[in-house]
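Residue numbers (this note's numbering), protein chains in the order written: chain A, 126 to 203; chain B, 103 to 500.
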């Protein structure tokens, strides 16, 4: 994978292109292995992005000046 | 004879008193068309109400027109309530208007149509300025009522889908006169944070009056200038608000807005799974077809070597292939395991590591990979690269 910062959308479309190239079967074994290795890295990255997010429900509360202030955990029983 | 002589003021007041005590003139509805409309700096509105035979001067004071939802303009047919009285400085009688409705359709309907037309002309609905919704937002900013049905619906969708998303609720009124300003401020606030990937503005179903804040210009402007993509989920499927037109994506309901953000993640997992399988099967296919080529190459008598080198290699390749298949089966049988584990296993199967299992490749004297029997001739020296070194061989005559 390139060193530039890559986002999920780009990684998926890159992965799609790699699969397409491999399925074409036109590549040499060396190139196939290179693409495959890159593909595995992208799968790992995408998977990481898919499972990494936190699961929090919070709400913003206003301070005395009626401005948005701190963020607190949202209590669903409220 | 005692002539009573009135001053102008006196007679005007006399007439005024007649008007003041007249039942009809003090409380009446008029129907007519607006002309010569003029909105003075003071906030008061001056115009003429007319039909084809007559006209009456009309004034609508600032205090009465301040909460007018729709815009008055020449040609508009209206039904208006007020009273008629004298304006002494000019000697005119005029209609003091305090309540006005467009004729035929409701005031809110007309206001909606007017604002829609205005914002459309200003380009707020243009598709090319709409932002795309990120595929896997990490944190959603939600502007809604903390006690409303919309919030409950959205939370339950997110829980049901086991979505790995965080939600930041910006509490806001979603009906009443405070609401539009609060919704707008909520959107602006979220834009000042740097951890929000997408914004949902939401409200459960209600009457057109209750949904009205989402039809106000201040909300439309905040939605338009938001740098964060916005999904609107207001009311029921059949309710369209101005905010819906300006938003980057309109969801028919609050739940649907949550689905649009969360469903993505489920679909993407499937998609990634498919790509992953294709990746594996295509490389397996490649290895298999290269193996077959090698096999047919080895069957040529030129390669029937005494030492059984090629035969051994072939056996190793078969073994490798069996192990690859076995590992793939194992991966497939463990579908319930997390992707992370799958990925790690896959990595261990990478052909880069196959050297460890006896795979080799062959170079000619110039260091080029031998890919075909046509690349070599009897008598050539070939180099076979193995895990721990290089084997140098001479190609025998056929």
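Beta carbons: idealized from backbone N, C-alpha and C, even for Gly. Note that the structure is a prediction, hence the values are computed from the model and not measured.
Open item on the list: Please list, in chain order, the chain A residues whose beta carbon lies closer than 8 Å to that of residue 392(B).
Closed with: 154
Open item on the list: Is the separation between the beta-carbon of residue 472(B) and that of residue 483(B) shorter than 9 Å?
Closed with: no
Task: chain A contacts made by the region 368 to 383 of chain B, where a contact means CB separation under 8 Å - done: 370, 371, 373, 374, 377, 378, 380, 381
TODO: With DSSP collapsed to three states, give me the class of residue 108(B).
DONE: Correct three-state label for residue 108(B): coil.
TODO: Along the alpha helix (DSSP H) that carries residue 262(B), what are the first and last residues, could you check?
DONE: 251 to 262
Open item on the list: Between residue 333(B) and residue 362(B), how many whole angstroms is the CB-CB distance? I'm expecting something under 8 Å.
Closed with: 6 Å
- [ ] Assign residue 184(A) to buried or exposed, taking buried as 16 or more other Cβ atoms, counted over all protein chains shown, within 10 Å of its Cβ.
- [x] buried
Task: Selection from 381(B), 178(B), 273(B) that minimises the alpha carbon distance to residue 133(B) - done: 178(B)
Task: Neighbouring residues, chain B, relative to residue 182(A) (Cβ below 9 Å) - done: 257, 260, 268, 269, 270, 271
Task: Close beta carbons around residue 478(B), own chain, < 7 Å, minus the five adjacent residues each side - done: 466, 472, 484, 497
Task: Continuous alpha helix (DSSP H) assignments of at least 4 residues falling wholly in the region 207 to 237 of chain B - done: Inside the region 207 to 237 of chain B, DSSP marks whole alpha helix (DSSP H) runs of 4 or more residues at positions 209 to 223, from first to last along the chain.
Task: 8 Å Cβ cut-off: residues of chain A touching residue 237(B) - done: 133, 134, 137
Task: the region 339 to 352 of chain B: positions lying closer than 9 Å to chain A by Cβ - done: Listed by position along the chain: nothing, the set is empty.
- [ ] Find the residues of chain B that neighbour residue 196(A), judging by a C-beta separation of less than 8 Å, and give them in chain order.
- [x] By Cβ distance, chain B contributes 270.
Open item on the list: Short of 6 Å in beta carbon distance, which residues of its chain neighbour residue 357(B), apart from the five on each side in sequence? Order them along the chain.
Closed with: 255, 259
TODO: Evaluate the contact criterion for the region 225 to 245 of chain B versus the region 317 to 335 of chain B: three or more CB pairs, one atom per stretch, below 8 Å.
DONE: yes
Open item on the list: Excluding the 5 residues flanking residue 194(B) on each side, which residues of the same chain have their C-beta closer than 8 Å to its C-beta?
Closed with: 159, 188
- [ ] Could you tell me the distance, in whole angstroms, from the CA atom of residue 323(B) to the CA atom of residue 288(B)?
- [x] 13 Å
- [ ] Write down the C-beta distance between residue 137(B) and residue 150(B) rounded to the nearest angstrom, noting that I regard them as a contact closer than 8 Å.
- [x] Right, their Cβ atoms sit about 5 Å apart.
Task: Inter-residue CB distance, residue 302(B) and residue 359(B) (contact presumed, cutoff 8 Å) - done: 5 Å
Task: residue 400(B) at chain A interface by Cβ criterion, 9 Å - done: no
Task: Touch test, the region 155 to 168 of chain A against the region 241 to 250 of chain B, Cβ-Cβ under 8 Å, three pairs minimum - done: no
TODO: Specify the secondary structure class of residue 194(B) as computed by DSSP and reduced to three states.
DONE: strand
- [ ] Determine the DSSP secondary structure at residue 334(B), reduced to helix, strand or coil.
- [x] strand
- [ ] Could you run through the region 460 to 471 of chain B and flag, in chain order, every residue whose CB is less than 9 Å away from some CB of chain D?
- [x] Given the protein chain composition of this structure (A and B), no chain D is represented.
Open item on the list: Counting only beta-carbon separations shorter than 9 Å, does residue 389(B) have a partner in chain A?
Closed with: So, interface residue.
Task: Member of 175(A), 157(A), 132(A) whose CA lies at the smallest distance from the CA of residue 146(A) - done: 157(A)
Open item on the list: In whole angstroms, give me the CA-to-CA distance for residue 296(B) and residue 308(B).
Closed with: Going from the Cα of residue 296(B) to the Cα of residue 308(B) covers about 33 Å.
Open item on the list: With distance defined between alpha-carbon atoms, name the residue in 317(B), 271(B), 300(B) nearest to residue 283(B).
Closed with: 317(B)
Task: Residues of its chain near residue 127(B), where Cβ-Cβ distance is below 8 Å and the 5 sequence neighbours each way are ignored - done: 121, 185, 186, 187
Task: Residues that residue 116(B) bridges to, as DSSP identifies them - done: The partner list for residue 116(B) (beta bridge, DSSP) is empty, contrary to what the question assumes.
- [ ] Could you tell me the distance, in whole angstroms, from the CA atom of residue 306(B) to the CA atom of residue 339(B)?
- [x] 11 Å
TODO: If I'm right that residue 201(A) touches residue 242(B) with Cβ under 8 Å, what's the distance once you round it to whole angstroms?
DONE: Taking 8 Å as the upper bound for CB-CB distance, residue 201(A) and residue 242(B) are not in contact here, some 16 Å apart.
- [ ] Leaving out five residues on either side along the sequence, give the residues of the same chain with a beta carbon under 8 Å from the beta carbon of residue 300(B).
- [x] Cβ neighbours of residue 300(B) beyond the five flanking positions: 235, 236, 239, 242, 243, 330, 331, 332, 333, 363.
- [ ] Under 8 Å between beta-carbons, which chain B residues line up against residue 141(A)? List them in chain order, please.
- [x] 377
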